[in-house]
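Protein chains in written order, with the working numbering: chain A, 790 to 974; chain B, 7 to 432.
Backbone N, C-alpha and C define an ideal beta-carbon position, used for all residues, glycine too.
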């Protein structure tokens with residue numbers, strides 16, 4: 790009888806340890822402080838809105854980003870860092886969700902803080918509803934890994950070419966800036 | 007009978023109050039619609055509560071006291087088409103305002119002048135606007151929404167505009183060839199916020215007490231000159247000028263002082279940063295991952311820490327004046343023979359663990375920095391710092407000198423008088 794009691798006590802204590810151990814690994818997102826938080830990648834102030842994302846490292850350090858594109862850019866440049874978990878926001882409720890469980894929509898006309906044009910939803914059906922209403926393409930978390938976050942650069946390149954074309958066509962006050970840039974080379 | 011009298015009195019009062027609010031008998035929009043193209047409509051003094059749309063080339067001028075106060079989902083003024091001029095109008099927002107912006111503009115060759123706005127959300131919103139001139143506008147808000155918002159709007163000029171208490175004074179995205187001169191932005195998040203816009207010219211602007219004086223991100227071939235970026239120090243991330251992803255641009259003759267960080271530069275290349283005065287900031291300049299920039303002839307004065315830098319390759323950093331640098335000129339050419347370097351040690355340490363910033367200039371930290379000396383190629387160095395601050399000599403006003411001597415003289419006289427009258431007499 791006594792042994793049984795001891796056994797059950799031991800099991801109870803052990804299971805407590807296991808639960809406590811599990812609890813430690815359960816990483817939770819840290820709330821955004823709009824006054825002090827800035828994007829780890831682009832240094833812009835992070836608003837507590839539907840575009841904010843967050844990474845928690847295994848050492849407990851948390852980092853916030855104003856755009857999911859900034860988060861992926863940071864991940865690419867810091868592949869040596871050990872990430873415990875990453876979070877994004879639901880576009881409608883603005884609540885945190887685990888990035889791996891979210892559904893994503895990409896569309897050029899969607900305005901996001903750094904113009905990466907990707908938004909996130911908790912439910913796939915909400916994402917689909919957004920697409921039905923505004924257009925865009927549905928992305929899963931796995932697909933996001935292969936998403937080209939180069940859109941910005943592409944856009945800039947496109948712009949540069951367009952501008953060069955324009956500049957050749959017109960003189961006048963644009964000529965001044967043109968001279969400026971040429972002076973340096 | 008008494009009740010009826012009271013009722014009449016009550017209705018009378020209401021009509022009196024209401025009468026003041028709407029001074030126009032017929033709707034403002036119908037008056038506007040009646041003006042032929044090229045014509046002018048003068049707006050008499052009074053408060054108008056009707057949102058208006060201007061889509062013909064007309065001039066709308068307000069008399070002193072002409073106020074637009076619109077409380078619904080539409081902007082107070084919507085401008086479309088070409089050649090619309092709006093002058094001398096005051097625009098007030100109200101709490102129930104649901105419109106995203108007080109003024110919405112598209113089209114080209116418009117002119118907006120002498121306008122005062124008090125806004126709750128966004129102020130003046132430009133979408134696909136070209137060749138439009140904004141002049142003498144006073145815009146004040148409650149910290150929400152941007153003062154001016156530019157989307158795909160090119161070749162516009164903004165002059166003599168005063169903005170305070172908004173999110174960003176001027177926010178622009180995909181908008182090229184815009185010119186900002188003589189504007190003042192204060193008590194906001196970012197004074198000037200450039201995003202993916204090329205050929206921007208910002209001259210003679212003044213940006214004070216914001217989180218960041220000018221936030222310049224994603225631009226090529228821009229000119230930022232003769233601006234004053236002062237006292238941007240109330241936020242933990244505050245800075246005078248931030249350059250991120252900026253290429254082939256000119257940043258010269260700006261006065262950047264009393265900020266948390268004077269100039270923050272990252273991921274930028276091919277820029278010419280010359281003749282700037284960076285004074286009395288906590289950190290003069292911070293540079294990360296920059297290449298092929300020319301940083302010459304700037305003066306770094308009275309900053310707690312003059313510069314911190316990591317990963318700066320192939321830049322031309324020379325002939326700047328650093329008042330914190332050790333200087334020795336053996337050949338008398340006015341340039342020091344001792345290079346002045348920034349060690350990336352502390353910056354790298356604090357980046358990994360931000361609380362280490364508490365140990366800023368701690369004796370132990372200085373010792374560690376000396377012990378774990380970073381290799382030569384990692385240091386960012388000014389090879390030939392200037393012996394004297396040429397910039398300061400040019401800018402020192404003579405008036406200050408006279409005031410100094412007057413004060414000296416006054417003090418001497420006062421002390422002589424004190425001695426004369428205060429001495430012990432026999």
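Return the residue from the list 351(B), 345(B) and 327(B) that minimises the CA-CA distance to residue 315(B). For the set 351(B), 345(B) and 327(B), the Cα lying nearest the Cα of residue 315(B) is the one of 351(B).
Among all the DSSP beta bridges, which residues are the ones paired with residue 346(B)? In the DSSP output, where bridge partners are listed per residue, residue 346(B) has 388(B).
Beta-carbon separation (whole angstroms), residue 79(B) vs residue 104(B), contact threshold 8 Å: Yes, residue 79(B) and residue 104(B) are in contact; Cβ-Cβ is about 4 Å, under 8 Å.
By DSSP's criteria, residue 213(B) is part of a beta bridge. Which residues make up the other side? Residue 213(B) pairs with 191(B) and 235(B).
Is residue 242(B) close to chain A, meaning its C-beta is less than 8 Å from at least one C-beta of that chain? Yes, residue 242(B) lies at the interface with chain A (some Cβ there is under 8 Å from its Cβ).
Outcome for residue 431(B) when other beta-carbon atoms lying within 10 angstroms are tallied against a minimum of 16: Counting Cβ neighbours within 10 Å, residue 431(B) comes out exposed, since fewer than 16 surround it.
Can you tell me the Cα-Cα spacing of residue 187(B) and residue 390(B), whole angstroms? Spanning the two alpha carbons is a distance of roughly 34 Å.
According to DSSP, residue 857(A) sits in a beta bridge with which residue or residues? Residue 857(A) is not bridged to any residue.
Can a CB atom of chain B be found closer than 8 Å to the CB of residue 824(A)? Closer than 8 Å to some Cβ of chain B, the Cβ of residue 824(A) qualifies, so yes.
May I ask you to report which of helix, strand or coil DSSP gives residue 409(B)? Helix at residue 409(B).
Cutoff 8 Å: residue 923(A) Cβ touching any chain B Cβ: No, no contact with chain B.
Does DSSP classify residue 180(B) as helix, strand or coil? Collapsing the DSSP output to three states places residue 180(B) in coil.
For residue 882(A) and residue 844(A), the rounded distance between their alpha carbons: Near 20 Å, if we compare the C-alpha coordinates of residue 882(A) and residue 844(A).
Do residue 224(B) and residue 235(B) have their beta-carbon atoms positioned less than 8 Å apart in this structure? Against a cut-off of 8 Å, the Cβ pair of residue 224(B) and residue 235(B) comes out as no contact.
Residue ranges of each beta strand (DSSP E) run of no fewer than 3 residues wholly in the region 39 to 94 of chain B, ordered along the chain? As far as the region 39 to 94 of chain B is concerned, its whole beta strand (DSSP E) runs of at least 3 residues are 46 to 49, 52 to 54, 58 to 60, 65 to 68, 72 to 76, 83 to 85 and 91 to 93.
Would DSSP call residue 378(B) helix, strand or coil? For residue 378(B), the secondary structure class from DSSP, reduced to helix, strand or coil, is coil.
Give the single residue among 298(B), 272(B) and 422(B) whose Cα lies nearest to the Cα of residue 278(B). Out of 298(B), 272(B) and 422(B), 298(B) has the C-alpha closest to the C-alpha of residue 278(B).
I want to check one thing, is the minimum distance from the CB of residue 337(B) to the heavy atoms of the ligand NAP below 7 Å? Among the components of this structure there are no ligands whatsoever, and the ligand NAP is therefore not found.
Spatially closest choice to residue 358(B) from 846(A), 857(A) and 914(A), by CA coordinates: Nearest of 846(A), 857(A) and 914(A) to residue 358(B), Cα basis: 846(A).
Members of the region 216 to 232 of chain B that neighbour chain A once the beta carbon cut-off is set at 9 Å: Of all residues in the region 216 to 232 of chain B, 217, 218, 221, 223, 224, 226, 227, 228 and 229 have a Cβ within less than 9 Å of some Cβ in chain A.
Where the alpha helix (DSSP H) through residue 353(B) begins and ends: It spans 351 to 358 - the alpha helix (DSSP H) in which residue 353(B) sits, taken as one unbroken run.
Chain A beta carbons: is any one of them nearer than 8 Å to that of residue 248(B)? It does; some Cβ of chain A falls within 8 Å.
Taking only beta-carbon positions, decide if residue 22(B) is within less than 8 Å of chain A. In this prediction, residue 22(B) has a pLDDT of 47, which is less than 50 and means its spatial position is unreliable; what the coordinates show is noted afterwards. No, residue 22(B) lies away from the interface with chain A (no Cβ there is under 8 Å from its Cβ).
Min CB distance residue 831(A) to chain B below 8 Å: True, the Cβ-Cβ gap to chain B drops below 8 Å.
Identify the residues that DSSP records as bridge partners of residue 372(B): which are they? Bridge pairing for residue 372(B): absent [DSSP].
What residues of chain B sit near residue 820(A), judged by a beta carbon separation below 9 Å? The contacting residues do not exist; residue 820(A) stays about 17 Å from chain B at best.
Specify, as a first and last residue, the run of the alpha helix (DSSP H) that residue 921(A) falls within. That run of the alpha helix (DSSP H) goes 913 to 923.
Assuming residue 317(B) is part of the beta strand (DSSP E), what are its boundary residues? Residue 317(B) -> beta strand (DSSP E) spans 311 to 319.
Is the number of C-beta pairs between the region 146 to 166 of chain B and the region 179 to 199 of chain B that are closer than 8 Å three or more? Flag = yes, the region 146 to 166 of chain B and the region 179 to 199 of chain B touch.
Consult DSSP for residue 36(B) and reduce its assignment to one of helix, strand or coil. Residue state, collapsed to three classes: helix.
With a CB to CB cut of under 6 Å and the five nearest residues on each side skipped, what residues in its chain are close to residue 161(B)? Apart from the 5 residues on each side of it in sequence, residue 161(B) sits with its Cβ closer than 6 Å to the Cβ of 136, 137 and 183 in its chain, given in chain order.
Return the Cβ separation of residue 65(B) and residue 84(B) in integer angstroms, given the expectation that the two are a contact with Cβ distance under 8 Å. In fact, because the Cβ distance is near 16 Å, the residues do not count as touching under 8 Å.
Sequence-distant residues of the same chain with beta carbon closer than 6 Å to residue 214(B), five excluded per side: So the qualifying residues of the chain are 192, 236 and 237.
What is the DSSP secondary structure of residue 931(A), reduced to helix, strand or coil? Reduced to three states, the DSSP call for residue 931(A) is helix.
Report the residue from 219(B), 250(B) and 241(B) whose alpha carbon sits nearest the alpha carbon of residue 203(B). It is 250(B).
Leaving out five residues on either side along the sequence, give the residues of the same chain with a beta carbon under 6 Å from the beta carbon of residue 87(B). Only 61 and 113 meet the Cβ criterion.
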